[in-house]
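**Q** Residue numbers (this note's numbering): 110 to 582.
We put the CB at the ideal spot given by N, CA and C, even for glycine.
Since we're looking at a predicted model, the values are computed, not measured.
One structure, as structure tokens, below. Some questions next.
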Amino acid sequence: MFISDIKRVVEQVSRDKGIDRDILIKALEEALGSAARKKFGNKVDVEVQYNESTGEIEVFQFKDVAEVVTEPDIQISLEEGRKLDPECEIGDSLGTKMDTATFGRIAAQSAKQVIIQKMKDAERDAVYASFIDRKGEIINGIVQRFDRGDIIVNLGQTEGILPSREQIPKESYRRGDRMRALIMDVLHDTRGPQIILSRTHPEFLISLFKTEVPEINEGIVTIMGAAREPGIRAKFSVTSNDSDIDPVGACVGMKGSRVQNVVQELRGEKIDIIPWHIDPAKFVVKALSPAEISRVIIDEEHNSMEVIVPDEFLSIAIGKKGQNVRLASKLTKWHLDVISETRYSNAMQDGYDSLVSLPDIGISLADALYEKGFFSAEELSKASVEDLTQIRDITEEDALQLIEIARDHILSMDDVDETSKEALGNGEDDDHETSDGSDLPKASEEKSLNDENTSGQVLPPDNEGSDPIDQRK
């Protein structure tokens, strides 16, 4: 089969479709082999070759030289073989060039279908290969159509899909609108590669800043993390390896030009740029800005922090519907409990009172326990003998007795606690918020701040001037 411009056609299709040239030639060879077997049967031994120099696709039929011919399709007599090759012997295999014009219309149609299918498969593989390494990049496209809430985007070489869950709330598009989105995933589907796009992923925010801030691409400024509530608010943290460059200022730009470009792309989403700090407690304090923080108590075992704020800053620290503390928790990867100073002081006082109320424990012993980090009878009941014996004048026998007294006290209070919970079950508490949106009271783990003495009330020992960031081991 000779096509005068087959080289040009193969090269053009390879360029237009992004398909490797060798794959196209192999598809043509398989198609002609299929057409030959369609015409002459599956027993025929056929070999197809593409001749680079002539641009011809040659089809050869091979037959074995036999003394007695029983199957003419695959055998040839010695006499006939000698006409093709005078030196052939019995058992040799001789190939003859076939005239592809004799294949017929049905065989030609079969070849066409094979070529089309092979080209489709090759095109799908080429698209998948070109996009699989681009995950995490921003891509531009044009809105093509809408499918049950999803947006189909024309990316030029193929189409991408922006699922409804990956769209910014209250954001609307019309057919023909230009769109920027993040390549979130590339799936190899039987119908072709699926390019999954996103405009809500935190990486989209990070990639937008990478395009706007040259210092990020140069490696001077590093984005440490990001958290978003798409279309409403976002927080992301940055740091700089050059002391002369302010990472926050670099991201904001002259008169806010850089950050405003990102805000416009995200349809007015408010963005908080937080300076990253290696100390997790200080990082949390910055992440909860603009609220003022009185004290942070770290519980490394449960990867959580208790944040105490002045009463007037409680609503600011929590944010609208818990938004500020929720984003800060995602950004810092710590579970955060925000508590007002009043509630914190009351909780600490209640814990101290529970120690004083234990049998055989006086104020001096309660003070000693309190100073060593046992702030309530409940914490004392969970203490180990080794921890308690570190307190002066407490022997191993005394430690066991203290733990037993605390446990008995906790058990005796269970019925009272159940009754209290039922009574307060329908009440509301507005001075405590956790980063997961729950609103539950929590036993305090640190000394109280600015306690005021009242008549007839025993206060825990005062520790003014202590570090506002404490750590529970």
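State the DSSP-derived secondary structure class of residue 537, mapped to helix, strand or coil.
**A** As a first step, residue 537 is located in the sequence shown; it is residue number 428 there, counting from the start. Note on residue 537: pLDDT 47, under 50, position unreliable in the model; the coordinate value appears next. Residue 537: coil per DSSP, three-state reduction.
**Q** Is it right to say residue 504 is buried, meaning 16 or more other beta carbons lie within 10 angstroms of its own, or is it exposed?
**A** Locating residue 504 in the sequence shown gives position 395, counting from the first residue. So residue 504 ends up on the exposed side.
**Q** Just the Cα atoms here: how many angstroms apart are residue 323 and residue 345?
**A** As a first step, residue 323 must be located in the sequence shown, where it is residue number 214. As a first step, residue 345 must be located in the sequence shown, where it is residue number 236. Answer to the nearest angstrom: the Cα atoms are 17 Å apart.
**Q** Give the straight-line distance between the Cα atoms of residue 311 and residue 497, rounded to the nearest whole angstrom.
**A** Counting from 1 along the sequence shown, the entry for residue 311 is found at position 202. Counting from 1 along the sequence shown, the entry for residue 497 is found at position 388. Going by the C-alpha atoms only, they are around 47 Å apart.
**Q** Quick check for students: name the residue ranges of the beta strand (DSSP E) that lie wholly in the stretch 463-505, counting only runs of 3 or more.
**A** Entirely contained in the stretch 463-505, not one beta strand (DSSP E) run reaches 3 residues.
**Q** Check for me: the beta strand (DSSP E) holding residue 407 runs from which residue to which?
**A** If you number the sequence shown from 1, residue 407 lands on position 298. It spans 404-408 - the beta strand (DSSP E) in which residue 407 sits, taken as one unbroken run.
**Q** Give the single residue among 274, 329, 307, 163 whose Cα lies nearest to the Cα of residue 290.
**A** Start at 1 with the first residue of the sequence shown, and residue 290 comes out as number 181. Comparing Cα positions, the closest option is 307.
**Q** Check the DSSP bridge columns for residue 271 and list the partner residues they point to.
**A** Numbered from its first residue, the sequence shown carries residue 271 at position 162. Partner(s): 260.
**Q** Going by the beta-carbon positions, is the gap between residue 315 and residue 336 smaller than 8 Å?
**A** Here residue 315 is taken as the residue at index 206 of the sequence shown, counted from 1. Here residue 336 is taken as the residue at index 227 of the sequence shown, counted from 1. In this structure, residue 336 does not lie closer than 8 Å to residue 315 by Cβ.
**Q** Kindly indicate the opening and closing residues of the beta strand (DSSP E) around residue 173.
**A** In the sequence shown, the residue the question calls residue 173 occupies position 64. 165-175 is the span of the beta strand (DSSP E), which, as asked, contains residue 173.
**Q** From the DSSP output, in three-state form, read off residue 203 for me.
**A** Residue 203 sits at position 94 when you count from the first residue of the sequence shown. Strand at residue 203.
**Q** Give the list of continuous alpha helix (DSSP H) stretches no shorter than 4 residues that lie fully inside the stretch 421-466.
**A** Entirely contained in the stretch 421-466, the alpha helix (DSSP H) runs reaching 4 residues are, in chain order, 423-427, 432-441, 450-465.
**Q** Does the Cβ-Cβ distance between residue 376 and residue 277 come in under 8 Å?
**A** Here the question's residue 376 lines up with position 267 in the sequence shown. Here the question's residue 277 lines up with position 168 in the sequence shown. Yes.
**Q** Using 8 Å as the threshold, is the C-beta distance between residue 440 and residue 380 below it?
**A** In the sequence shown, the residue the question calls residue 440 occupies position 331. In the sequence shown, the residue the question calls residue 380 occupies position 271. Going by C-beta atoms, residue 440 is not nearer than 8 Å to residue 380.
**Q** Quick test of the definition: if touching needs 3 or more C-beta pairs under 8 Å, does the stretch 279-286 touch the stretch 236-254?
**A** Contact between the stretch 279-286 and the stretch 236-254 is present, because at least three Cβ pairs lie under 8 Å.
**Q** Considering only residues of the same chain and omitting the five flanking positions on each side of residue 176, which have a CB-CB separation below 7 Å?
**A** Residue numbering aside, residue 176 sits at position 67 when the sequence shown is read from its first letter. Cβ within range, chain order: 187, 199.
**Q** Decide if residue 172 is buried, meaning its Cβ has at least 16 other Cβ atoms within 10 Å, or exposed.
**A** As a working mapping, residue 172 is identified with position 63 in the sequence shown. Buried: at least 16 other Cβ atoms inside 10 Å.
**Q** Below 7 Å, is the gap between the Cβ of residue 466 and the nearest heavy atom of the ligand COA?
**A** Looking for the ligand COA in the displayed structure turns up nothing, as the structure carries no ligands at all.
**Q** With which residues is residue 288 paired in a DSSP beta bridge?
**A** To locate residue 288, count along the sequence shown from 1; it is residue 179. For residue 288, which the question treats as bridged, DSSP gives the partners 250.
**Q** Taking 8 Å as the threshold, find out whether the stretch 357-366 comes into contact with the stretch 398-407 through three or more Cβ pairs.
**A** Taking 8 Å as the limit for Cβ pairs, the verdict is that the stretch 398-407 does not touch the stretch 357-366.
**Q** For residue 222 and residue 145, I'd like the C-alpha separation in whole angstroms.
**A** If you number the sequence shown from 1, residue 222 lands on position 113. If you number the sequence shown from 1, residue 145 lands on position 36. Whole-angstrom Cα-Cα distance: 14 Å.
**Q** So which of 273, 501, 242, 415 has the shortest CA-CA distance to residue 256?
**A** In the sequence shown, residue 256 corresponds to position 147, counting from 1. Taking only the C-alpha atoms, the option nearest residue 256 is 273.
**Q** I believe residue 425 touches residue 414 by the beta-carbon criterion, under 8 Å. Please report the beta-carbon distance rounded to the nearest angstrom.
**A** The residue given as residue 425 occupies position 316 in the sequence shown. The residue given as residue 414 occupies position 305 in the sequence shown. Actually they do not touch by this definition, with Cβ atoms about 17 Å apart.
**Q** Please classify residue 129: does DSSP put it in a helix, a strand, or coil?
**A** Walking along the sequence shown from the start, residue 129 turns up at place 20. Coil.
**Q** Could you spell out where the alpha helix (DSSP H) holding residue 339 opens and where it closes?
**A** As a position in the sequence shown, residue 339 is number 230, starting the count at 1. No alpha helix (DSSP H) holds residue 339; DSSP gives it neither H nor E.
**Q** Determine which residues share a DSSP beta bridge with residue 306 and list them.
**A** Locating residue 306 in the sequence shown gives position 197, counting from the first residue. The partner list for residue 306 (beta bridge, DSSP) reads 292.
**Q** Alpha carbon to alpha carbon, how far is residue 245 from residue 478? Give it in angstroms, no decimals.
**A** Residue mapping note: residue 478 aligns to position 369 of the sequence shown, counting from 1. Residue mapping note: residue 245 aligns to position 136 of the sequence shown, counting from 1. For residue 478 and residue 245, the distance between alpha carbons rounds to 53 Å.
**Q** Starting from the Cα of residue 442, find the closest Cα among 180, 493, 411, 296 and give me that residue.
**A** Your numbering for residue 442 matches position 333 in the sequence shown. When only C-alpha atoms are compared, the closest one is 411.
**Q** Given that a residue counts as buried once 16 or more other Cβ atoms are within 10 Å of its Cβ, and exposed if not, what is residue 163?
**A** On the sequence shown, residue 163 is found 54 positions in, with the first residue counted as 1. It counts as exposed.
**Q** Tell me whether the stretch 129-146 and the stretch 224-236 touch, counting them as touching only if at least three CB pairs, one residue from each stretch, are closer than 8 Å.
**A** Short answer: they touch.
**Q** Sorted by chain position, which residues of the same chain lie with C-beta nearer than 7 Å to residue 509's C-beta, five sequence neighbours on each side aside?
**A** Counting from 1 along the sequence shown, the entry for residue 509 is found at position 400. So the list reads 494, once near-sequence residues are dropped.
**Q** Under 8 Å between the Cβ atoms of residue 490 and residue 470?
**A** Along the sequence shown, read from residue 1 onward, the residue named residue 490 stands at position 381. Along the sequence shown, read from residue 1 onward, the residue named residue 470 stands at position 361. Taking 8 Å as the Cβ cut-off, residue 490 and residue 470 do not qualify as a contacting pair.
**Q** What residues in its chain sit with their C-beta under 6 Å from that of residue 481, if we drop five residues either side in the sequence?
**A** Residue mapping note: residue 481 aligns to position 372 of the sequence shown, counting from 1. 500, listed in sequence order.
**Q** Straight-line CA distance for residue 279 to residue 340?
**A** Start at 1 with the first residue of the sequence shown, and residue 279 comes out as number 170. Start at 1 with the first residue of the sequence shown, and residue 340 comes out as number 231. So the two alpha carbons sit approximately 8 Å from each other.
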